[in-house]
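As numbered in the UniProt record's numbering, residues 1 to 535 make up the sequence shown, in order.
All C-beta atoms, glycine included, are put in the ideal place defined by N, C-alpha and C.
In this text, all values refer to a predicted model and were calculated from it rather than measured experimentally.
Only one structure is covered here, and it is reproduced in the block below.
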Amino acid sequence: MGENGDKHSGSQESNSKKPENKNHSGAPKSDLWTDGLICAFEFIRGAKRHVHLKQEDGHTGVTTHSELNHNPFVDSSAADVPRSRSASSLNFIDDHVLPAAQAERYEGSRWVPIGWARISELVQTVQVNAEWPSLELIDDEEDVPVTDLAAPYWERPGGPTWWCHMAAGHSSVEAWLRNATWLHPAISLALRDESKLISERMRHLLYEVPVRVAGGLLFELLGQSVGDPVISEDDVPVVFRSWQAKNFLVTVMHVKGNVSSTNVLGVTEVEELLYAGGYNVPRTVHEVIAHLACRLSRWDDRLFRKSIFGAADEIELKFMNRRNHEDVNLFSIILNQEIRKLSRQVIRVKWSLHAREEIIFELVQHLRGNVARQLLEGLRKNTREMLEEQEAVRGRLFTIQDVMQSSVRAWLQDKSLRVSHNLAVFGGCGLVLTIIVGLFGINVDGIPGAQNTPYAFGLFTLLMIIIGAVLIAVGLVYLGLKKPITEEQVEVRKLELQDVVKIFQHEAETHAQVRRNNLSPTAGDIFDANYILIQ
Numbered sequence: 001m002g003e004n005g006d007k008h009s010g011s012q013e014s015n016s017k018k019p020e021n022k023n024h025s026g027a028p029k030s031d032l033w034t035d036g037l038i039c040a041f042e043f044i045r046g047a048k049r050h051v052h053l054k055q056e057d058g059h060t061g062v063t064t065h066s067e068l069n070h071n072p073f074v075d076s077s078a079a080d081v082p083r084s085r086s087a088s089s090l091n092f093i094d095d096h097v098l099p100a101a102q103a104e105r106y107e108g109s110r111w112v113p114i115g116w117a118r119i120s121e122l123v124q125t126v127q128v129n130a131e132w133p134s135l136e137l138i139d140d141e142e143d144v145p146v147t148d149l150a151a152p153y154w155e156r157p158g159g160p161t162w163w164c165h166m167a168a169g170h171s172s173v174e175a176w177l178r179n180a181t182w183l184h185p186a187i188s189l190a191l192r193d194e195s196k197l198i199s200e201r202m203r204h205l206l207y208e209v210p211v212r213v214a215g216g217l218l219f220e221l222l223g224q225s226v227g228d229p230v231i232s233e234d235d236v237p238v239v240f241r242s243w244q245a246k247n248f249l250v251t252v253m254h255v256k257g258n259v260s261s262t263n264v265l266g267v268t269e270v271e272e273l274l275y276a277g278g279y280n281v282p283r284t285v286h287e288v289i290a291h292l293a294c295r296l297s298r299w300d301d302r303l304f305r306k307s308i309f310g311a312a313d314e315i316e317l318k319f320m321n322r323r324n325h326e327d328v329n330l331f332s333i334i335l336n337q338e339i340r341k342l343s344r345q346v347i348r349v350k351w352s353l354h355a356r357e358e359i360i361f362e363l364v365q366h367l368r369g370n371v372a373r374q375l376l377e378g379l380r381k382n383t384r385e386m387l388e389e390q391e392a393v394r395g396r397l398f399t400i401q402d403v404m405q406s407s408v409r410a411w412l413q414d415k416s417l418r419v420s421h422n423l424a425v426f427g428g429c430g431l432v433l434t435i436i437v438g439l440f441g442i443n444v445d446g447i448p449g450a451q452n453t454p455y456a457f458g459l460f461t462l463l464m465i466i467i468g469a470v471l472i473a474v475g476l477v478y479l480g481l482k483k484p485i486t487e488e489q490v491e492v493r494k495l496e497l498q499d500v501v502k503i504f505q506h507e508a509e510t511h512a513q514v515r516r517n518n519l520s521p522t523a524g525d526i527f528d529a530n531y532i533l534i535q
């Protein structure tokens, strides 16, 4: 990086010390990040010095801060030797053979924020194929994947280490990428247009995997923009089209929906990490990619557990808090609606986790350095755990549905038994009426009190009609012939179940006592609900 990086580090030092300008997520923002540039950093490598391994191994317990003359919690020179080796292994230009007992260490290395002006200077140092600026994509090549347009080849890493993150769709970003002569035209189009296929495998896998083309790595990272819970805003998926070549990284964020403001917490955490510096600061673009993948995936897992896996807990909680004499048919309608919606979401989570697993597998093959590999291996392990948790949630949903259907069948059998019993009782009553009509219906004039009564037959018929109507009315009441369930009943019951979930969530948030002998009454102990649906 040489003189360019040293000059720039001095000019940008004042801009990097502006922590008071922050966004709502708490990440510091630089005044240089305008016109669609979300964030951009350049790695300034410190002075190089040689360390004797045996001497350092023998004095690791007695090294003092005064000897190093710096703050070990801020300066990145406190890195261990294996990390220094993995960081320096990517810079082939400065490689030279060291004695077996020595290693290289860089003191004062840090990331500084940069703007469009410095990015323009950095891209001038990128050496590209002279034929790229003259290439033009014709209309017939719109459906051709990038791997068929840009031939893969390998270049030695070199030049400054920097990363810029931009928002897709911004006019400045579109113009900058379209006029980038240091990018292959197919790569420029892939960064601008998220619908452009990276490789033919996308047609079969329904997701993109990293590919090596045009001397670099073209890949996608998946994440979510967290919605504002105050206004009940939904979480929106985001796709990061990324291009890594030599020692630089360009990422373009594509938002898959309408949001008032983007809030990708994974990227925010990486920004804070680069701002703060210290021992864990990334030293190569490969480590930056690994950190981005880990932070984005970690926040995806948190949101999945809260909104989707947590919804399965709510369904189970509602099912266990049903009333003793509740209409199971109404209850099953409500839970079936929620289970049907949640099942689709769980399947989408499964597809997303499979896509992440394939992306991680390919990144492990392409990225270098021990730190990057350790981060990706840990991410792969977490992804497998999430897949197992997702399968457990699906099993719970099926179990709840089976138990609920069994409860409905038992409820219907009990109701059928009660109806059969009532029919037998009313059949006996009808038999009595039949005997009466059979005895006196042949000769109405013989009925006692019917002499000189011309309306005896009509009165007797009216009496039979009244008795029959009474029996029918009693049968309608006791045989369970009720009106169909209305939408108002469903909404009222949903409100009641939602209150049960809110009480449970409040107890969890306030860290209420879990094991108690004197439990408060549950919904199953409540006889009637005092809810009125206002429309």
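Cα separation between residue i and residue j?
| i | j | result |
| --- | --- | --- |
| Ala167 | Ser30 | 16 Å |
| Arg201 | Ala186 | 17 Å |
| Arg203 | His354 | 16 Å |
| Leu471 | Tyr455 | 25 Å |
| Asp234 | Arg344 | 16 Å |
| Phe43 | Gln390 | 39 Å |
| Val349 | Arg298 | 14 Å |
| Val408 | Cys429 | 31 Å |
| Ile119 | Thr34 | 13 Å |
| Leu217 | Val371 | 19 Å |
| Met320 | Ser307 | 20 Å |
| Ala214 | Thr268 | 30 Å |
| residue 539 | Ser260 | As shown, the chain starts at 1 and ends at 535. That puts residue 539 outside it, with no answer to give. |
| Arg305 | Asp313 | 10 Å |
| Val62 | Glu174 | The predicted model places Val62 with a pLDDT of 40, which falls under 50 and marks its position as unreliable; any figure quoted below should be read in that light. The straight-line gap from Cα to Cα measures roughly 55 Å. |
| Leu376 | Cys294 | 7 Å |
| Leu206 | Ile360 | 16 Å |
| Gln489 | Asn329 | 12 Å |
| Ile467 | Gly310 | 57 Å |
| Arg241 | Arg380 | 21 Å |
| Trp162 | Gln244 | 10 Å |
| Gln365 | Val126 | 24 Å |
| Pro72 | His254 | With a pLDDT of only 38 at Pro72, under the threshold of 50, the placement of this residue in the model should not be trusted, and no figure is reported. |
Have a look at the options and flag the residue whose alpha-carbon is nearest the alpha-carbon of residue i.
| i | options | result |
| --- | --- | --- |
| Ser332 | Leu412, Ser261, Ile359 | Leu412 |
| Gly36 | Gln374, Arg344, Thr262, Asn247 | Thr262 |
| Arg356 | Leu335, Lys246, Asn336, Asn382 | Asn382 |
| Ile289 | Arg302, Asn247, Ala312 | Asn247 |
| Arg340 | Gln401, Gly458, Thr181 | Gln401 |
| Thr181 | Gln124, Trp162, Gly108, Thr461 | Gln124 |
| Ala190 | His286, Val252, His291 | Val252 |
| His286 | Val255, Ser416, Gly278, Val250 | Val250 |
With a threshold of 16 other CB atoms inside 10 Å of the CB of residue i, please say whether the residue is buried or exposed.
| i | result |
| --- | --- |
| Asp300 | buried |
| Ala392 | exposed |
| Thr434 | exposed |
| Met386 | buried |
| Lys196 | buried |
| residue 538 | Residue 538 is absent from the model: the chain starts at 1 and stops at 535. |
| Asp80 | Any reading at Asp80 must be qualified, since the residue scores a pLDDT of 46, below 50, and its modelled position is unreliable; no value is offered. |
| Pro229 | exposed |
| Phe398 | exposed |
| Arg110 | buried |
| Glu487 | exposed |
| Val477 | exposed |
| Gly266 | buried |
| Gly369 | buried |
| Val270 | buried |
| Lys352 | Looking at the sequence shown, residue 352 is not Lys but Ser. It counts as buried. |
Which residue comes first and which comes last in the alpha helix (DSSP H) that contains residue i?
| i | result |
| --- | --- |
| Pro113 | Segment 110–113 is the beta strand (DSSP E) holding Pro113; no alpha helix (DSSP H) there. |
| Pro237 | Run containing Pro237: none in the alpha helix (DSSP H); it sits in the beta strand (DSSP E), 236–245. |
| Ile308 | Careful: Ile308 lies outside any alpha helix (DSSP H) and carries neither H nor E. |
| Thr268 | 265–276 |
| Glu326 | Premise fails: Glu326 is in no alpha helix (DSSP H) and is neither H nor E. |
| Ile44 | Where Ile44 is concerned, there is no enclosing alpha helix (DSSP H), although the beta strand (DSSP E) it sits in stretches over 37–44. |
| Trp299 | 285–303 |
| Leu197 | Segment: none, Leu197 is in no alpha helix (DSSP H) and carries neither H nor E. |
| Ser120 | 116–124 |
Please check the pair residue i and residue j, which I expect to be a contact at CB under 8 Å, by giving their CB distance rounded to whole angstroms.
| i | j | result |
| --- | --- | --- |
| Leu296 | Leu221 | 6 Å |
| Ser171 | Arg178 | That belief does not hold up - the Cβ atoms of Ser171 and Arg178 are roughly 10 Å apart, past 8 Å. |
| Glu362 | Pro210 | 4 Å |
| Ala40 | Cys164 | 4 Å |
Residue range of the beta strand (DSSP E) that residue i falls in?
| i | result |
| --- | --- |
| Ser225 | 216–225 |
| Leu177 | Element bounds for Leu177: not the beta strand (DSSP E) but the alpha helix (DSSP H), 171–178. |
| Val209 | Run containing Val209: none; DSSP gives neither H nor E here. |
| Ala167 | 161–167 |
| His254 | 248–255 |
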